[in-house]
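Visitor: Going by numbering that gives the first Met the number 0, the sequence shown opens with residue 0, and the numbers climb by one from there.
Where a beta carbon is used, it is the ideal one built from N, C-alpha and C, also for glycine.
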Amino acid sequence: MRVPLPSSIMNLCRTLHGAGFQCYVVGGALRDALLGKEPHDWDVTTDALPEEVERLFPNTVPTGREFGTITVMWEGRPIEVTTMRQETGYSDRRHPDAVQFTTDIRLDLARRDFTVNAMAYDPISRRLADPFRGRLHLRRRVLACVGDPNERFQEDPLRMLRLIRFQAVLGFRVARKTAQSIQPNLITLVSPERMGQELGKLLLGDHLMSAFELFYSTGLLQAVIPELAACAHIAQGKQHRFDVLGHSISAAQHIPAELHLRWAALLHDVGKPLALDKNGGAGFRGHEELGAKLAEQILRRLRFSNQLTAKVVHLVRHHMYPMQPQMPDRAVRRMIAKVGESHIFDLIALRQADIAGMYFDPVQAVRFLQGIRSRVQEVLSQNAPLKTAQLAVDGHDLMAELGVTPGPIVGRIIQGLLDMVIDDPRLNNRADLLEAARRLLEQDQGS
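(1) Could you check if residue 158 is buried or exposed, using at least 16 other CB atoms within 10 Å of its CB as the buried criterion?
(2) I'd like to check one pair, residue 390 with residue 417: are the Cβ atoms closer than 8 angstroms?
(3) Could you give the DSSP three-state label for residue 224: helix, strand or coil?
(4) By the three-class DSSP mapping on this structure, what secondary structure does residue 398 have?
(5) In the DSSP assignment, the beta strand (DSSP E) including residue 291 goes from what residue to what residue?
(6) Under 7 angstroms Cβ to Cβ from residue 332, same chain only, skipping five residues before and after it: list those, please.
(7) Thinking C-alpha only, which one of 65, 72, 15 is nearest residue 40?
(8) Rank 23, 397, 268 by C-alpha distance to the C-alpha of residue 118 and give the top, closest one.
(9) Contact defined as beta carbons within less than 8 angstroms: I believe residue 64 pairs with residue 77. What is the distance between those atoms, to the nearest angstrom?
(10) Can you say whether residue 194 is buried or exposed, counting buried as having 16 or more other CB atoms within 10 angstroms of its CB?
(11) For residue 178, name the three-state secondary structure that DSSP assigns.
(12) Would you mind reading off the limits of the alpha helix (DSSP H) that contains residue 127?
(13) How many Å lie between residue 191 and residue 170 at the Cα?
(14) Would you mind reading off the limits of the beta strand (DSSP E) that contains residue 407?
(15) Within 10 Å of its beta-carbon, does residue 441 have 16 or more other beta-carbons around it, so buried, or fewer, so exposed?
(16) Restricting to Cα atoms, I'd like to know which of 36, 362, 305, 202 is closest to residue 257.
(17) On a CA-only basis, which of 320, 142, 236, 301 is nearest residue 210? Give me that one, please.
(18) Using a threshold of 8 angstroms, state whether the C-beta atoms of residue 43 and residue 4 are closer than that.
The following block contains the structure:
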């Protein structure tokens with residue numbers, strides 16, 4: 000068989016073969032190539048020892064020398080070259096306690112996580128080493144652990160999340176024995192950072208509904224994001240086809256595959272279990288504020304960046320902002336000013352996904368939100384002031400003209416002027432603003 004490879008990979012393998020060493024393309028790149036996808040990063044394994052790889056190639060970085068990995072800078076790209084190895088013991092539930100180099104590709108493949116990742120292709124002989132039927136599983140669209148799934152998950156419990164991630168990305172079904180071997184209690188041994196990284200990759204997949212079904216049914220979601228798992232079995236209004244959890248997953252699937260948008264959609268209703276009325280009814284009043292607080296806790300716990308966390312929290316907090324295509328210009332300006340120009344189109348995307356996640360036919364949501372998007376674009380094109388920095392006066396002007404000293408009162412007056420100008424942009428001139436500022440000052444002092 001022939002697998003198309005970049006010339007840089009072919010030339011690197013020829014160099015290793017020419018020096019008398021075995022050389023195989025392995026891992027996710029080979030899996031994706033066999034699926035007809037274009038891989039991003041290529042990994043190579045060889046029986047050459049790390050020092051032999053360093054002697055063969057002049058430009059190398061000892062990325063993980065103790066585990067046999069050398070990064071070779073070759074024809075303008077970094078290529079990870081790893082010596083074939085066996086591994087024993089995983090005391091830290093991540094790294095092997097001992098590594099023993101080998102010349103047997105089958106022993107190297109036996110240490111890998113899933114059969115679809117446990118194949119090796121020799122580009123010189125064009126032979127595929129496939130001792131665990133990975134290619135058959137690719138054809139049948141099955142995810143199964145290499146060997147005993149209990150052992151694989153014990154070695155590194157993050158593999159349980161990786162399994163869910165591959166299901167979300169590839170859309171494969173999970174072999175029964177592999178699914179039954181998931182042990183949710185083990186995930187507590189994984190660092191929050193690693194869980195967050197894996198969840199980020201999972202959320203960008205195209206098959207979230209089936210992946211989250213397994214995620215929840217195995218108890219793993221309850222161990223990783225219990226706040227989200229609590230949304231299961233909470234019914235909503237008649238217009239909804241899912242419970243709160245199903246709706247949240249559906250909304251995430253309907254939003255563009257950008258990480259902050261996927262998280263915002265997944266967590267936008269996470270506050271609903273805490274917002275049930277006293278009789279257990281589905282009023283959910285105030286769930287957006289409760290959800291914003293929970294979203295912040297979740298994302299900080301998983302060690303996501305402050306920037307991503309702030310974006311998600313902002314969108315969750317404002318996702319119930321009322322919007323209609325028939326809104327007058329002043330209402331659209333108020334909405335943009337409240338939400339922020341940098342967030343407004345993300346919020347519209349979230350509302351569209353929210354509505355699409357309610358119905359069997361998302362066309363209604365698309366039409367509804369297209370009208371709102373057009374209105375926002377129209378209002379933005381008018382260049383009306385939406386921020387205090389766009390006012391024709393600033394705090395220094397107010398202090399000079401009104402005789403006030405620096406303090407909260409200046410900020411209150413500036414905000415009052417902005418509210419006035421948002422309603423009527425024609426008032427954004429020095430004379431009208433100063434006159435209005437005097438009135439606001441009198442009102443403030445009289446209160």
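Guide: Straight from the coordinates:
(1) Along the sequence shown, read from residue 1 onward, the residue named residue 158 stands at position 159. It is buried - the Cβ of residue 158 has at least 16 other Cβ atoms within 10 Å.
(2) The residue given as residue 417 occupies position 418 in the sequence shown. The residue given as residue 390 occupies position 391 in the sequence shown. Contact: yes.
(3) Counting from 1 along the sequence shown, the entry for residue 224 is found at position 225. When secondary structure is reduced to three states using DSSP, residue 224 falls in the coil class, being assigned neither helix nor strand.
(4) The residue labelled residue 398 in the question sits at position 399 within the sequence shown. If DSSP states are grouped into helix, strand and coil, residue 398 belongs with the helices.
(5) Counting from 1 along the sequence shown, the entry for residue 291 is found at position 292. Looking at the DSSP string, residue 291 is not in any beta strand (DSSP E); the run it does join, the alpha helix (DSSP H), is 286 to 300.
(6) Counting from 1 along the sequence shown, the entry for residue 332 is found at position 333. In the same chain as residue 332, and ignoring 5 residues on each side of it, the C-beta atoms closer than 7 angstroms to its own belong to 378, 383, 385, 421, in chain order.
(7) Indexing the sequence shown from 1 puts residue 40 at position 41. Cα-wise, what sits closest to residue 40 is 72.
(8) Along the sequence shown, read from residue 1 onward, the residue named residue 118 stands at position 119. It is 23.
(9) As a position in the sequence shown, residue 64 is number 65, starting the count at 1. As a position in the sequence shown, residue 77 is number 78, starting the count at 1. At roughly 15 angstroms, the Cβ-Cβ gap does not stay under 8 angstroms, so residue 64 and residue 77 are not in contact.
(10) As a first step, residue 194 is located in the sequence shown; it is residue number 195 there, counting from the start. Its Cβ being crowded by 16 or more others within 10 Å, residue 194 is buried.
(11) Sequence index remark: in the sequence shown, residue 178 carries index 179 (1-based). Looking at residue 178 - three-state DSSP - the assignment turns out to be helix.
(12) For the purposes of this step, residue 127 is taken as residue 128 along the sequence shown, with counting starting at 1. Taken as a continuous stretch (DSSP letters only), residue 127 belongs to no alpha helix (DSSP H), being part of the beta strand (DSSP E) at 126 to 128.
(13) As a position in the sequence shown, residue 191 is number 192, starting the count at 1. As a position in the sequence shown, residue 170 is number 171, starting the count at 1. Whole-angstrom Cα-Cα distance: 25 angstroms.
(14) Counting from one through the sequence shown, the residue named residue 407 turns up at place 408. Secondary structure note for residue 407: it is in no beta strand (DSSP E), and the uninterrupted alpha helix (DSSP H) holding it is 407 to 422.
(15) Stepping through the sequence shown from its first residue, residue 441 is reached at position 442. By the Cβ-count criterion, residue 441 is exposed, with fewer than 16 other Cβ atoms from all chains shown falling within 10 Å of its own Cβ.
(16) In the sequence shown, residue 257 corresponds to position 258, counting from 1. Out of 36, 362, 305, 202, 202 has the C-alpha closest to the C-alpha of residue 257.
(17) On the sequence shown, position 211 is the one that residue 210 refers to. Cα-wise, what sits closest to residue 210 is 142.
(18) Along the sequence shown, read from residue 1 onward, the residue named residue 43 stands at position 44. Along the sequence shown, read from residue 1 onward, the residue named residue 4 stands at position 5. Not closer than 8 angstroms, so no.
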